[in-house]
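Chemist: Residue numbers (our numbering): 8 to 204.
1. How about the region 163 to 180 and the region 40 to 53: do they share at least three Cβ pairs that are nearer than 8 Å?
2. So residue 167 is in the alpha helix (DSSP H); what residue range does that whole segment cover?
3. Kindly identify the DSSP beta-bridge partner or partners of residue 67.
4. Which complete alpha helix (DSSP H) runs does the region 92 to 178 hold, if anything under 4 residues is left out?
5. Using DSSP's beta-bridge definition, name the partner residues of residue 78.
6. Residue 6 and residue 163 look like a contact to me (Cβ under 8 Å); what is the Cβ gap, rounded to whole Å?
7. When you compare only the Cα positions, how much space is there between residue 109 and residue 59?
8. So, helix, strand or coil for residue 45, using DSSP?
9. What is the rounded straight-line gap between the Cα of residue 20 and the Cα of residue 94?
10. Do you know offhand how far residue 77's Cα is from residue 188's?
11. When the Cα atoms are used, what is the spatial distance from residue 166 to residue 90?
12. Under 8 Å between the Cβ atoms of residue 54 and residue 74?
13. Mind checking whether residue 102 and residue 117 have CB atoms under 8 Å apart?
14. Could you compute how far the alpha carbon of residue 149 sits from the alpha carbon of residue 141?
15. Could you check where the beta strand (DSSP E) with residue 52 kicks off and where it finishes?
16. In this structure, how does DSSP classify residue 190 when only helix, strand and coil are distinguished?
17. Residues in its own chain within less than 6 Å of residue 160 by CB, not counting five upstream and five downstream?
18. Determine the direct distance from the alpha carbon of residue 62 to that of residue 50, and round the result to whole angstroms.
19. Leaving out five residues before and five after residue 137 in sequence, what residues of the same chain have Cβ atoms less than 8 Å from its Cβ?
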């Protein structure tokens, strides 16, 4: 139900406050989130999503199967049972870190270890990564991979934002600007193989 809240001084403009239940606000916010977004560069493909719930895992599972997802990286609190995905051969990694923040060094190290291992074993796979809305923590990890693969941070952020408008906040952007690649994902002879270092 919407009720008039005030007039801003112009005769034809009225500011309206909508009284919604928290459940209605959550549903409205979820409806505005972008769907799963695939980002690929060189030999790697990533799927950035918002967080599944126990109720939505079946739909996510179908999407994961279509895109050959072998791993799901969960960087927010758990909102679903991971055994449903793991029964289907999809490994779920729990690397939670604070919302709105850049990832800690431990998460970055584990992320690159996963990428080196998984894309060497299965070059045609896709790795899914999600946070709450798929706009902060998950895109930052993908941006780090793109930077390690040779993109500038600006190009990495632009590519991700083309797929997920509003992704990556100012604090995370500053982190990416300062990040320097360390040759963690170099390719060997242009083939779909990662060089382990």
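Glycine included, C-beta positions come from ideal geometry on N, C-alpha and C.
Modeler: The answer reads as follows:
1. yes
2. Counting from 1 along the chain shown, the entry for residue 167 is found at position 160. That run of the alpha helix (DSSP H) goes 160 to 170.
3. Here residue 67 refers to the residue found at position 60 of the chain shown. Its beta-bridge partners do not exist; DSSP assigns none.
4. Entirely contained in the region 92 to 178, the alpha helix (DSSP H) runs reaching 4 residues are, in chain order, 112 to 128, 144 to 155, 160 to 170.
5. Working through the chain shown from its first residue, we reach residue 78 at position 71. BP columns for residue 78 point to 98, 134.
6. Nothing about residue 6 can be read from this structure; the chain reaches only from 8 to 204.
7. Your numbering for residue 109 matches position 102 in the chain shown. Your numbering for residue 59 matches position 52 in the chain shown. Rounded to whole angstroms, residue 109 and residue 59 show a C-alpha spacing of 22 Å.
8. Stepping through the chain shown from its first residue, residue 45 is reached at position 38. For residue 45, the secondary structure class from DSSP, reduced to helix, strand or coil, is strand.
9. Indexing the chain shown from 1 puts residue 20 at position 13. Indexing the chain shown from 1 puts residue 94 at position 87. Confidence at residue 20 is low in this model, with a pLDDT of 35, below 50, so the placement of that residue is unreliable and no value is reported for it.
10. By 1-based counting over the chain shown, the position of residue 77 is 70. By 1-based counting over the chain shown, the position of residue 188 is 181. C-alpha separation (whole angstroms): 25 Å.
11. For this step, residue 166 is matched to residue 159 along the chain shown. For this step, residue 90 is matched to residue 83 along the chain shown. Near 32 Å, if we compare the C-alpha coordinates of residue 90 and residue 166.
12. One-based indexing of the chain shown puts residue 54 at position 47. One-based indexing of the chain shown puts residue 74 at position 67. Yes.
13. Residue 102 sits at position 95 when you count from the first residue of the chain shown. Residue 117 sits at position 110 when you count from the first residue of the chain shown. Against a cut-off of 8 Å, the Cβ pair of residue 117 and residue 102 comes out as a contact.
14. Here the question's residue 149 lines up with position 142 in the chain shown. Here the question's residue 141 lines up with position 134 in the chain shown. Residue 149 and residue 141: Cα-Cα distance of roughly 11 Å.
15. Numbered from 1 along the chain shown, position 45 holds the residue referred to as residue 52. Here the beta strand (DSSP E) through residue 52 covers 51 to 56.
16. Taking the chain shown and counting its residues from 1, one reaches residue 190 at position 183. Taken through DSSP and simplified to helix, strand or coil, residue 190 comes out as coil.
17. To locate residue 160, count along the chain shown from 1; it is residue 153. If we look at residue 160 and ignore the five residues flanking it on each side, its Cβ neighbours are 154, 183, 184.
18. Here residue 50 refers to the residue found at position 43 when the chain shown is read from its first residue. Here residue 62 refers to the residue found at position 55 when the chain shown is read from its first residue. Rounded to whole angstroms, residue 50 to residue 62 spans 33 Å at the Cα level.
19. Within the chain shown, residue 137 is the residue found at index 130, counting from 1. Same-chain partners within the cutoff: 55, 56, 57, 58, 59, 79, 80, 81, 82, 83, 145.
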